[in-house]
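S.K.: For reference, each letter of the sequence shown is one residue, going 1 to 383 in the UniProt record's numbering.
Quick one: this structure, given as structure tokens, is what I'll be asking you about.
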Amino acid sequence: MLRPTALGPLLRPSSRCQQCFRRSLFSGKGSSRVSQDFDLNKLESRRRDYERHRTVFLAAGATAGIISFVYTAWKLKKALDQQGEKQKEKISVKCDAPPIPTETFKTEAGGKRKIVVHDEQGRVIVPTGNSVVPAFPRTIDVALPSAQEENHIAASVSDKHGSEYTLVGLGARTVTFIGIQVYVVGFYVATQDIAKLQRYLVKKINSSATTLIPAEKDALRKALEDAAEGEETWDALLRESGCRSVFRITPVRDTDFHHLRDGFVRSIAARSQHNKAYSDEAFGVAMKDFKALFNRGSVPKKQELLLCRDENGVLSVMFNSGRGGDPKREVMGTVEDERLSRLLWLNYLAGSKVASEPARDSIIEGVMEFVERPVGTVATQVV
1 MLRPTALGPL
11 LRPSSRCQQC
21 FRRSLFSGKG
31 SSRVSQDFDL
41 NKLESRRRDY
51 ERHRTVFLAA
61 GATAGIISFV
71 YTAWKLKKAL
81 DQQGEKQKEK
91 ISVKCDAPPI
101 PTETFKTEAG
111 GKRKIVVHDE
121 QGRVIVPTGN
131 SVVPAFPRTI
141 DVALPSAQEE
151 NHIAASVSDK
161 HGSEYTLVGL
171 GARTVTFIGI
181 QVYVVGFYVA
191 TQDIAKLQRY
201 LVKKINSSAT
211 TLIPAEKDAL
221 RKALEDAAEG
231 EETWDALLRE
241 SGCRSVFRIT
251 PVRDTDFHHL
261 RDGFVRSIAA
271 RSQHNKAYSD
281 EAFGVAMKDF
291 KALFNRGSVP
301 KKQELLLCRD
311 ENGVLSVMFN
321 SGRGGDPKRE
331 VMGTVEDERL
341 SRLLWLNYLA
351 GSKVASEPAR
361 DSIIEGVMEF
371 VERPVGTVAT
381 QVV
């Protein structure tokens, strides 16, 4: 037998040490923490670079998108304006008539008034500033389908001008931030009821006056231009004065009844929500009936839509399709609840947000012309 040598015990520990050395060498225990720290820092740096590049890329894309959208919208508006100018020139050449003036002049009392001209039939018209609908008639005749038929007949017999309405102010309804015009709207008051309008507004400022001096006119103008006080003034006037009035709407581009209805309904809902005075079932029924009136088709441009409010606040909707040799206004229906027509009127007359700022401003200018004259004299005067 071989006997273990004296070196045997020394060789065995040496082998184990070599194995431990190899394991420690290849496992990298000595440098693992340094490597891990280095790798984490490198990954973190890469992540930050990625996030920074991603943010810059997204910001550049968003900026490019906005610039492209604005440029496209500007080009579209420019093309529409050029098309409108060409159409206006064609109409002017075809009619062989000078263009309708759009300037204003100042009245003796300091107010501004639109220049009025006569059309080919000799009717007085007021320029709108729009090439598609260049003018509105100064007066219109509207026979309201009043629920009080007997009173309506009596008024027609006693007053030959009972169905005549006089233009107070007009303006264009625009949408989007580039101001695309949708329709032109004009506010008319029954000629025989202008005295009621005068009296109510004059008495609001000076209870003993029959007309307003410049300082009082400024006070009234300020009240009507203020969002809260203006809405309060028109709301009370519509409820108490009994003035018959009409909003005449003429689209400047083809549209449809559903589109118009949605705009009207949104404005009414915005003013009625959170107000207990409009939370009852009767007002809900009135809203349903109002929506049903507009279950129709298209509304071609230049056609006339009338929103009429009688002395009791009953709303009547009329439409003139312009079709046929002798077009007539068609009564689309009525809504009895006066609250609905009052909210719809306020959408154009007052508040922090109105359907057309130019129309509201023009209506205020028209009112200023009324109150600068003695109460009861406007109906007998020509503009």
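Beta carbons are placed, not taken as given, at the ideal position from N, Cα and C, and that holds for glycine.
1. Counting only runs of 3+ residues fully inside the stretch 280-367, write out the beta strand (DSSP E) ranges in chain order.
2. In chain order, what residues of the same chain have a beta carbon less than 7 Å from the beta carbon of residue 376, not counting five sequence neighbours either side?
3. Going by the beta-carbon positions, is the gap between residue 280 and residue 243 smaller than 8 Å?
4. Report yes or no: do three or more beta-carbon pairs, one from the stretch 258-265 and one from the stretch 288-306, lie closer than 8 Å?
5. Can you tell me which of the three DSSP states residue 374 falls into?
6. Return helix, strand or coil for residue 79, following the three-state DSSP convention.
7. Answer with buried or exposed for residue 337, where buried requires no fewer than 16 other C-beta atoms within 10 angstroms of its C-beta.
8. For residue 254, which residues in the same chain have their Cβ closer than 7 Å to its Cβ, ignoring the five residues on either side in sequence?
9. Quick one, are the C-beta atoms of residue 130 and residue 73 less than 8 Å apart?
10. With a threshold of 7 Å on Cβ separation, who are the neighbours of residue 358 within its own chain once the five nearest residues in sequence on each side are excluded?
11. What residue does the alpha helix (DSSP H) around residue 232 start on, and which one ends it?
12. Among 39, 353, 127, 341, which has the Cα closest to the Cα of residue 237?
13. Compare the Cα-Cα distances from residue 270 to each of 354, 188, 308, 46 and report the closest residue.
14. Taking Cβ positions, are residue 230 and residue 350 nearer each other than 8 Å?
15. By the 10 Å Cβ neighbour count, where 16 or more other Cβ atoms means buried, how is residue 168 classified, buried or exposed?
16. Report yes if the CB atom of residue 306 is closer than 8 Å to the CB atom of residue 318, and no otherwise.
17. Of all the options 126, 345, 65, 39, which has the alpha carbon lying nearest to the alpha carbon of residue 309?
18. Would you give the residue range spanned by the beta strand (DSSP E) that residue 183 belongs to?
19. Where do the N-terminal and C-terminal ends of the beta strand (DSSP E) with residue 264 fall, by residue?
20. In the structure shown, what three-state DSSP assignment does residue 10 receive?
21. Does the beta-carbon of residue 240 have 16 or more other beta-carbons within 10 angstroms, so that it is buried, or is it exposed?
22. If you measure from the CB of residue 308, is any heavy atom of the ligand SAM nearer than 7 Å?
23. Should residue 366 go down as buried or exposed, given a rule of 16 or more other Cβ atoms within 10 Å for buried?
24. How about residue 250 and residue 188: do their beta carbons lie closer than 8 Å?
25. Quick one: Cα of residue 268 to Cα of residue 369, how far?
26. How long is the line joining the alpha carbons of residue 70 and residue 81, rounded to whole angstroms?
27. Rank 333, 216, 50, 128 by C-alpha distance to the C-alpha of residue 137 and give the top, closest one.
28. Terminal residues of the continuous beta strand (DSSP E) containing residue 387?
29. Residues in its own chain within less than 7 Å of residue 49 by CB, not counting five upstream and five downstream?
30. So, using beta-carbon positions, are residue 371 and residue 144 closer together than 8 Å?
31. How would you write the range of the alpha helix (DSSP H) that residue 172 sits in, first residue to last?
32. Can you find the residues in the same chain that come closer than 8 Å, C-beta to C-beta, to residue 282, ignoring five residues on each side of it along the sequence?
33. Anyone know if the C-beta pair for residue 276 and residue 233 falls short of 8 Å?
34. According to DSSP, is residue 202 helix, strand or coil?
35. Using CA coordinates, which residue listed in 329, 225, 245 is at the minimum distance from residue 361?
M.R.: In short:
1. 304-309, 315-320, 330-335
2. 195
3. no
4. yes
5. coil
6. helix
7. buried
8. 298, 300, 301
9. no
10. 171, 172
11. 227-240
12. 341
13. 354
14. yes
15. buried
16. yes
17. 345
18. 180-190
19. Segment 257-272 is the alpha helix (DSSP H) holding residue 264; no beta strand (DSSP E) there.
20. Per-residue confidence for residue 10 stands at a pLDDT of 45, beneath the threshold of 50, marking its modelled position as unreliable; the derived number appears in the next sentence. In this structure, residue 10 counts as helix in the three-state DSSP scheme.
21. exposed
22. This structure simply doesn't include the ligand SAM, nor any ligand for that matter.
23. buried
24. no
25. 29 Å
26. 16 Å
27. 128
28. The chain is shown only over 1 to 383; residue 387 falls outside these bounds and no answer can be derived.
29. none
30. no
31. Run containing residue 172: none in the alpha helix (DSSP H); it sits in the beta strand (DSSP E), 164-175.
32. 337
33. no
34. helix
35. 225
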